[in-house]
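Here the structure is laid out as structure tokens; the discussion comes afterwards.
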Amino acid sequence: MISARNLQIGYQKPLGDHLHLELNAGQFHMILGPNGSGKSTLFKTLIGLIRPMSGQVLVNQLDVHRLTAIARAKTFAYVPQSQQQVFPYTVGEMVLMGRTSHIKPFSVPSHSDIERSDEAMASLDILGLKDQEFTKLSGGQRQLTILARALAQDAQILVLDEPTASLDFGNEIRVLERIRHLADQGWTIILSTHNPDHALQLADTVTTVSHGTVKDHGVPHQILTSAHLSDLYQANVEVVSIGQTKTCIAAQLNRA
Amino acid sequence: MVEILGKTSQSQTALSGGLLAICLILLSVIASGIGQYPIDYADIIHALLHYFGIEQEPPDQTIRLVLSEVRLPRVLASVLVGAVLAAAGCVFQGMFRNPLVSPDILGVSTGAGLGAAAGILLSLSIISIQLMAFLGGLITVGAVYLVASSIRQHEPTLILVLAGIVIGSLAGACLSLVKILADPYDQLPAITFWLLGSFAAVDKIDLLGALPLCILALIPMVLLRWRINVLSLGDEEARALGVNPDKIRLFLIFAATLMTAAGVAIAGVIGWVGLVVPHIARLLVGPNFNRLLPIAMLIGANFLLLVDTIARTLTQTETPIGILTAFVGAPVFVWLLFHARRSWM
Numbered sequence: 051m052i053s054a055r056n057l058q059i060g061y062q063k064p065l066g067d068h069l070h071l072e073l074n075a076g077q078f079h080m081i082l083g084p085n086g087s088g089k090s091t092l093f094k095t096l097i098g099l100i101r102p103m104s105g106q107v108l109v110n111q112l113d114v115h116r117l118t119a120i121a122r123a124k125t126f127a128y129v130p131q132s133q134q135q136v137f138p139y140t141v142g143e144m145v146l147m148g149r150t151s152h153i154k155p156f157s158v159p160s161h162s163d164i165e166r167s168d169e170a171m172a173s174l175d176i177l178g179l180k181d182q183e184f185t186k187l188s189g190g191q192r193q194l195t196i197l198a199r200a201l202a203q204d205a206q207i208l209v210l211d212e213p214t215a216s217l218d219f220g221n222e223i224r225v226l227e228r229i230r231h232l233a234d235q236g237w238t239i240i241l242s243t244h245n246p247d248h249a250l251q252l253a254d255t256v257t258t259v260s261h262g263t264v265k266d267h268g269v270p271h272q273i274l275t276s277a278h279l280s281d282l283y284q285a286n287v288e289v290v291s292i293g294q295t296k297t298c299i300a301a302q303l304n305r306a
Numbered sequence: 011m012v013e014i015l016g017k018t019s020q021s022q023t024a025l026s027g028g029l030l031a032i033c034l035i036l037l038s039v040i041a042s043g044i045g046q047y048p049i050d051y052a053d054i055i056h057a058l059l060h061y062f063g064i065e066q067e068p069p070d071q072t073i074r075l076v077l078s079e080v081r082l083p084r085v086l087a088s089v090l091v092g093a094v095l096a097a098a099g100c101v102f103q104g105m106f107r108n109p110l111v112s113p114d115i116l117g118v119s120t121g122a123g124l125g126a127a128a129g130i131l132l133s134l135s136i137i138s139i140q141l142m143a144f145l146g147g148l149i150t151v152g153a154v155y156l157v158a159s160s161i162r163q164h165e166p167t168l169i170l171v172l173a174g175i176v177i178g179s180l181a182g183a184c185l186s187l188v189k190i191l192a193d194p195y196d197q198l199p200a201i202t203f204w205l206l207g208s209f210a211a212v213d214k215i216d217l218l219g220a221l222p223l224c225i226l227a228l229i230p231m232v233l234l235r236w237r238i239n240v241l242s243l244g245d246e247e248a249r250a251l252g253v254n255p256d257k258i259r260l261f262l263i264f265a266a267t268l269m270t271a272a273g274v275a276i277a278g279v280i281g282w283v284g285l286v287v288p289h290i291a292r293l294l295v296g297p298n299f300n301r302l303l304p305i306a307m308l309i310g311a312n313f314l315l316l317v318d319t320i321a322r323t324l325t326q327t328e329t330p331i332g333i334l335t336a337f338v339g340a341p342v343f344v345w346l347l348f349h350a351r352r353s354w355m
């Protein structure tokens, strides 16, 4: 579905080497890397928000940087890292803004747009928050609102940039459960994270990123080894199995 | 289920809008009656009815003249300028994602003032003065935007306001220069009085000159009302939601500048309306531009009409309106800073 060829990412100067990447439809893909590894840049380049230094990204055989804003919004529903909002829109209005690519420039949301955004809120159990001000919500509720906005967008691919970055433990679990549930329903999802546990426990495929280029790509259980993660994070990391799941621990942090 | 969204806020908007409209009509009739030559309200209504062809009997000649040449142009001008300053304020705040900006803080008013003062200095016609005001406003907002967007490592809200103050005071210095160059007996009093803001000299021709420009600038704001909401989320989100922000933002800033300049060209520099009124409107009906724009325009119109009526009746000599809007606007804004929702800070 998405293929990146000879891609070099960066803002003003290239961050790293040329990279190749193929992501298939109907799967849950994660992009894993430490802070500052360039995963946000890679992410935004893949969905056409940043121009690549060289190479190209194809989505459904089309060059992503030649899509119009509307066509791009119908392909990718992008959930940016949580941002400070200035104006006190309600949750309902925020989610409704996800319908913009289906609304003509001089028009306002129709009844079917309102219905669709209500469905999106209901599917994430936040319909009750509809008339509340977005700016007054907790971090977890905010993230679910933005996720509902992405669902209401009716795009082909959900793109989530560190959706749990600023959440506490409980909210992180709740948001991830929702995302896993969406993946089970057949959504194609690309999610970036710096937490290897997310990839080990949730993803179908994982792409590890460091210094602006792809280190490895494959099934999480196969490529996320203790050695690979230690190298990626420049820290002594150990992958251990607990029952069916694998998790990642810091090898030297235990008290003796 | 469908109707639930915003039903309360929709009826609240209709209610606020209705009340504000009634208030504006009453205020207009009252304002047309008071002044040096008081006119009975029955006579005003009679004259209006005659004008629209409902009443056959013509009104008293003096009443007709005072109304059509003096009072009504002035009432309508303050309504128009109040409405467009509020609309421009809403657009500037949304487009810059910054609730602390307004035509005056961004320096647009001063820039337009500079352009118009230069026009007076060169003894240009009213149309040319309007054009000069527009160019002055546009150059100022362009300079502010350039300075603010080239300084990236600081808090953008603050930088934009500071850039506006800096460029605005530069325009103010140029304005002082124009004053020094102006003829002290003829042009200087005109420039000075007009810089403080006044509807005293407004006539029908001014009004008819400014009205088409204001309507022209209002059209994109009304048409793009939903897109304006999306743009106020920020460039990256707008792009992700399917709106290409670059052109449409510049276009709307252009429209808001045109509106402000048209207002400045007939009434001078009137501060505070564009900053305070959008906040009050947002407190009433929320930030959705669809509802915010009409309510803000009605509040602006009511406010400026009230203040202008006070300005010309309070004392023997007329008080410049810019002084009164500052006396009202500044405390109201401080109150808003203390009490309004924290969210827009």
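Each protein sequence line maps, in turn, to chains A and B.
Start counting at 1 in the first sequence, then tack on 50, and there's your number in the numbering used here.
Start counting at 1 in the second sequence, then tack on 10, and there's your number in the numbering used here.
Ideal Cβ positions, reconstructed from N, Cα and C, are used throughout, including at glycine.
All figures in this text were calculated on a predicted structure; none of them were measured in a lab.
L303 (chain B) has its alpha-carbon roughly 20 Å from the corresponding atom of I280 (chain B).
The alpha-carbon separation between E165 (chain B) and P130 (chain A) amounts to approximately 19 Å. Annotation for Y51 (chain B): the continuous alpha helix (DSSP H) segment containing it runs 51 to 61. Beta-bridge annotation (DSSP): R55 (chain A) is paired with A:Q106. Under the DSSP assignment, T295 (chain A) falls in the beta strand (DSSP E) whose first and last residues are 295 to 300. With respect to R301 (chain B), S21 (chain B) sits apart: the two C-beta atoms are not nearer than 8 Å. Leaving aside the five residues that flank I55 (chain B) on each side, the residues in its chain whose CB is nearer than 8 Å to its CB run, in chain order, V39.
Contact annotation for P130 (chain A) against chain B: E246, E247, A250 [CB-CB distance below 8 Å, chain order].
Interface with chain A (8 Å Cβ-Cβ cutoff): G296 (chain B) is included. Here D216 (chain B) has I276 as same chain residues with Cβ atoms under 6 Å from its own Cβ, once five neighbours each way along the sequence are excluded. Per DSSP, M147 (chain A) lies in no alpha helix (DSSP H) and is assigned neither H nor E. About 6 Å separates the beta carbon of G278 (chain B) from that of L205 (chain B), a gap short enough to meet the 8 Å contact definition.
In terms of beta-carbon proximity, G148 (chain A) lines the interface with chain B, with at least one pair separated by less than 8 Å.
The C-alpha of D114 (chain B) lies about 8 Å from the C-alpha of L285 (chain B). Using a CB distance cut-off of 8 Å, S242 (chain B) counts as an interface residue toward chain A.
Within the region 208 to 242 of chain B, L233, L234, R235, W236, R237, N239, V240, S242 place their CB atoms closer than 8 Å to a CB of chain A, listed in sequence order.
For P270 (chain A), there are no neighbours in chain B by C-beta distance under 8 Å, as the nearest C-beta there is about 27 Å away. L99 (chain A) belongs to the set of residues whose beta carbon lies under 8 Å from a beta carbon in chain B. A direct Cα-to-Cα measurement between P270 (chain A) and Y283 (chain A) gives close to 16 Å. In the DSSP assignment, A127 (chain A) falls outside any alpha helix (DSSP H) and lies within the beta strand (DSSP E) extending over 126 to 129. Annotated three-state conformation of L324 (chain B) is coil, per DSSP. Judged by their CB atoms, F93 (chain A) and D211 (chain A) are nearer to each other than the 8 Å cut-off.
Against chain A, the beta carbon of R107 (chain B) has neighbours under 7 Å at V136, listed in chain order. With a cut-off of 8 Å on Cβ pairs, the region 102 to 112 of chain B is not in contact with the region 122 to 136 of chain B, counting fewer than three such pairs. Rounded to whole angstroms, the Cβ separation of I97 (chain A) and V114 (chain A) is 7 Å, and the two are in contact under 8 Å.
When the alpha-carbon of V188 (chain B) is set against those of B:R81, B:G123, B:A271, B:Y47, the nearest one is in B:G123. When secondary structure is reduced to three states using DSSP, L234 (chain B) falls in the coil class, being assigned neither helix nor strand. Assigned with DSSP and collapsed to three states, D245 (chain B) falls in helix.
Between A300 (chain A) and V287 (chain A), the C-beta gap is smaller than 8 Å, which places the two residues in contact. Taking CB atoms only, V286 (chain B) has no neighbour in chain A less than 8 Å away.
K180 (chain A) sits in coil when the DSSP states are folded into three classes, being neither helix nor strand.
Bounds of the beta strand (DSSP E) holding H79 (chain A) are 78 to 82. Residue burial is scored here from C-beta neighbours: A277 (chain A) has fewer than 16 other C-beta atoms within 10 angstroms and is therefore classed as exposed. Any Cβ of chain B closer than 8 Å to the Cβ of S104 (chain A) would place that residue at the interface, and such an atom is absent. Just so you know, the alpha carbons of G76 (chain A) and Q58 (chain A) end up roughly 26 Å apart.
Taking the CA atoms as reference points, A265 (chain B) sits about 21 Å from R292 (chain B).
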